[in-house]
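> I have a structure I would like to understand better, so I am pasting it below and will then ask my questions one at a time.
Residue numbers (our numbering): 1048 to 1616.
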């Protein structure tokens, strides 16, 4: 047994209202720089829909994640080392900008500067890539207003896996929202795909990060990630991804997306797992057994043997206490109501979801029956096969039994708590029908419905003795530096990597001028720092080459002012 700790997240989809607050706050915190206009570390998708980027779940096309070879061993779906070596300079299995969307802004300046005319001037959408007028046809959640419509059903990769009857009738069932971030997998295929080893998994908390110094822009990680949550910054030539807000996690604060979530649907906590079992669990032959296999990797934090092994592995006692109080352990293993997203990708994802019950309740209510009665809800779950099949394709590799079991537990909790809320005597037969006792069901209700801040987020702080190592990791990783996102000033790769004024309508001309300039720093506003690592090849930065010596300049070594002030002094 090799005990390791993993920070993870569970999202309760019954509470997501699709407000996109998490996406906006994440973007303002992490991707408000040039080259990241199309990047959304956190996005909210409407289901049914194509997702973001388009049809990312179609692994027959994108070849992300892992697959079992003829010998039953795990192999990257995109191919082995030899195939990846041959395609290292041009990876064809990668979304294009049209699969994401061409980022744009609006030229509002035209509204105030347009001459007097018969027709009212308009603010046309302008491409942030070419600067030209464009027609907006796609964005990160273009499916929002068309959720469940026939225009999108034919393009939903999940619906292709179910029957033609489902395709025709699914429009009449329901739609729901699916927030997505990087899964910070136990078996990350993005890290295995990276030729330069720039993507790594932190041993102390399992967060998957990108070493910006080691990244060479091969973009194999984009192909390898089945969730397509790794992005390429075309300005810096580096890969970027969700960092699980590790600077906040290290001091015990939740991620920005969790902190600002209006529906309070996100839970963050620590789980302990056996690292020696990960490969075995990911290599299970039957895809329907992957859920149970991954649950089997997690360790009971109350087990004395697990506690001894964790302490022997250097896991601090307060981290073990946090794992015992973790809402993640309760939702995944104790109550078993949380499910992983696409376990068939075999990456062992660590962002899990509680499937939505509300659509089932709505369908019962439309019939005129009591939508809170456990008997009615159980019957609806058993007969309403279309949404259960769809949810199963998302969370259990097509196996409907675990999804049905989760929905029945949620339905039983709703019926059980209604009796208590109405002042009636609790019916112990309701929790017993789903294999729970009244006290456990009451605890599950408190966690899912009325959990306090400290119950939803159980995040142990990093220890002082780990500070030096964490600092080194932070400098290696993506975006935490002086002048980083939201901190002002240039970043470590010149002006293009530092934060800009927010991409808004008022600064479209400024943005266009900046992106088409010959230099990547404005010498008039701050001293330009250019070297071969951050030079984008456009123009000839004067700072890159020393000026030619004139006849009146002092000879090298002569007395006079020198730029070398003695770095070692």
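Where is the CB? At the ideal position from N, CA and C, for every residue including glycine.
Please work out which residues of its chain come closer than 7 Å, Cβ to Cβ, to residue 1334, disregarding the five sequence neighbours upstream and downstream, and give them in chain order.
1391, 1444.
> Quick check on residue 1496: does DSSP put it in helix, strand or coil?
Correct three-state label for residue 1496: helix.
> Are the beta-carbon atoms of residue 1349 and residue 1320 separated by less than 8 Å?
No; because the gap between Cβ atoms is not below 8 Å, this pair is not in contact.
> Taking the alpha-carbon positions, what's the residue 1372 to residue 1504 distance?
In a straight line, the C-alpha of residue 1372 is about 10 Å away from that of residue 1504.
> Starting from residue 1271, follow the beta strand (DSSP E) in both directions and report where the run begins and ends.
Unbroken run through residue 1271 is the alpha helix (DSSP H), 1267-1271; no beta strand (DSSP E).
> Mapping DSSP to helix, strand and coil, what is residue 1223?
Here residue 1223 sits in strand by DSSP.
> Can you tell me where the beta strand (DSSP E) holding residue 1278 begins and where it ends?
Per DSSP, residue 1278 belongs to the beta strand (DSSP E) from 1277-1280.
> Which whole-angstrom value describes the C-beta separation of residue 1130 and residue 1113, a residue pair presumed to lie in contact below a C-beta threshold of 8 Å?
Rounded, the Cβ-Cβ distance is 15 Å, inconsistent with contact.
> Could you give the distance in angstroms between the alpha-carbon of residue 1311 and the alpha-carbon of residue 1062?
Between residue 1311 and residue 1062, the C-alpha separation is close to 7 Å.
> Are the CB atoms of residue 1060 and residue 1401 nearer to each other than 8 Å?
Cβ atoms of residue 1060 and residue 1401: closer than 8 Å.
> Write down every uninterrupted run of the alpha helix (DSSP H) in the stretch 1284-1365 whose length is 4 residues or greater and which is fully enclosed by it, in chain order.
Segments of the alpha helix (DSSP H) lying fully in the stretch 1284-1365: 1293-1296, 1303-1306, 1325-1329, 1337-1344, 1351-1359.
> Are residue 1491 and residue 1314 touching if we call contact CB-CB under 8 Å?
Result no, Cβ atoms of residue 1491 and residue 1314 do not sit closer than 8 Å.
> Pair every Cβ in the stretch 1233-1242 with every Cβ in the stretch 1267-1286, then say whether three or more of these pairs are closer than 8 Å.
The stretch 1233-1242, when compared against the stretch 1267-1286, does touch it at the 8 Å Cβ threshold.
> According to DSSP, which residues form a beta bridge with residue 1257?
Bridge partners of residue 1257: 1246.
> On a Cα-Cα basis, can you pick out the residue from 1338, 1098, 1075, 1456 that is closest to residue 1205?
Among 1338, 1098, 1075, 1456, the Cα nearest to that of residue 1205 belongs to 1098.
> Quick check: the Cα distance between residue 1272 and residue 1168, rounded to an integer number of angstroms?
About 44 Å.
> For residue 1251, name the three-state secondary structure that DSSP assigns.
It is coil, neither helix nor strand.
> Starting from residue 1173, trace the beta strand (DSSP E) both ways and give me its first and last residue.
From DSSP, the beta strand (DSSP E) with residue 1173 extends over 1172-1174.
> Could you check whether the stretch 1323-1341 touches the stretch 1090-1106, counting it as contact only if at least three pairs of C-beta atoms, one from each stretch, sit closer than 8 Å?
They do not touch, by the three-pair rule.
> Within 10 angstroms of its Cβ, does residue 1622 collect 16 or more other Cβ (buried), or is it exposed?
With the chain running from 1048 to 1616 in the structure shown, residue 1622 is simply not present.
> Under three-state DSSP, which class holds residue 1128?
Note: residue 1128 maps to helix in three-state DSSP.
> What ranges does the alpha helix (DSSP H) occupy inside the stretch 1454-1504, keeping only unbroken runs of at least 4 residues that lie completely in it?
Those alpha helix (DSSP H) runs which fall completely within the stretch 1454-1504 and span 4+ residues are 1476-1479, 1485-1496, 1500-1503.
> Taking the alpha helix (DSSP H) that residue 1147 belongs to, which residues open and close that run?
1144-1147 is the span of the alpha helix (DSSP H), which, as asked, contains residue 1147.
> Rounded to whole angstroms, how far is the Cβ of residue 1342 from the Cβ of residue 1380, which I believe are closer than 8 Å?
Right, their Cβ atoms sit about 6 Å apart.
> Tell me which same chain residues have a C-beta within less than 7 Å of the C-beta of residue 1363, skipping the five on either side of it?
Answer for residue 1363: 1510, listed in chain order.
> Mark residue 1067 as exposed unless 16 or more other C-beta atoms lie within 10 angstroms of its C-beta, in which case mark it buried.
Residue 1067 is buried by the Cβ-count criterion.
> In angstroms, rounded to a whole number, what distance separates the CA positions of residue 1385 and residue 1232?
Approximately 16 Å, taken between the alpha carbons.
> Given a threshold of 16 other Cβ atoms within 10 Å of its Cβ, counted over all protein chains shown, does residue 1070 qualify as buried or as exposed?
Looking at its Cβ environment, which holds 16 or more other Cβ atoms inside 10 Å, residue 1070 is buried.
> Can you tell me whether residue 1404 is buried or exposed? The criterion is at least 16 other CB atoms within 10 Å of its CB, across all chains shown.
So residue 1404 ends up on the buried side.
> Quick check on residue 1161: buried or exposed, where buried means 16 or more other Cβ atoms within 10 Å of its Cβ?
Burial call: exposed.
> Please identify the residue among 1395, 1508, 1189, 1134 whose C-alpha is closest to the C-alpha of residue 1322.
Checked all of 1395, 1508, 1189, 1134; the closest Cα to residue 1322 is 1395.
> Take residue 1148 as the anchor and find which of 1184, 1137, 1090, 1440 has the nearest alpha-carbon.
The option with the nearest alpha carbon to residue 1148 is 1184.
> For residue 1111, count neighbouring Cβ atoms within 10 angstroms of its own Cβ and tell me buried if that reaches 16, exposed if not.
Answer is buried; the Cβ neighbour count reaches 16.
> Excluding the 5 residues preceding and the 5 following residue 1163 in the sequence, name in chain order all residues of the same chain whose CB lies nearer than 8 Å to its CB.
Cβ neighbours of residue 1163 beyond the five flanking positions: none.
> Given 7 Å as the limit, tell me if residue 1395 has its C-beta closer than that to any heavy atom belonging to the ligand GTP.
Judged by which ligands are present, the structure shown has none, so any question about the ligand GTP falls away.
> Quick one: Cα of residue 1248 to Cα of residue 1259, how far?
Looking at the two C-alpha atoms, the distance is approximately 14 Å.
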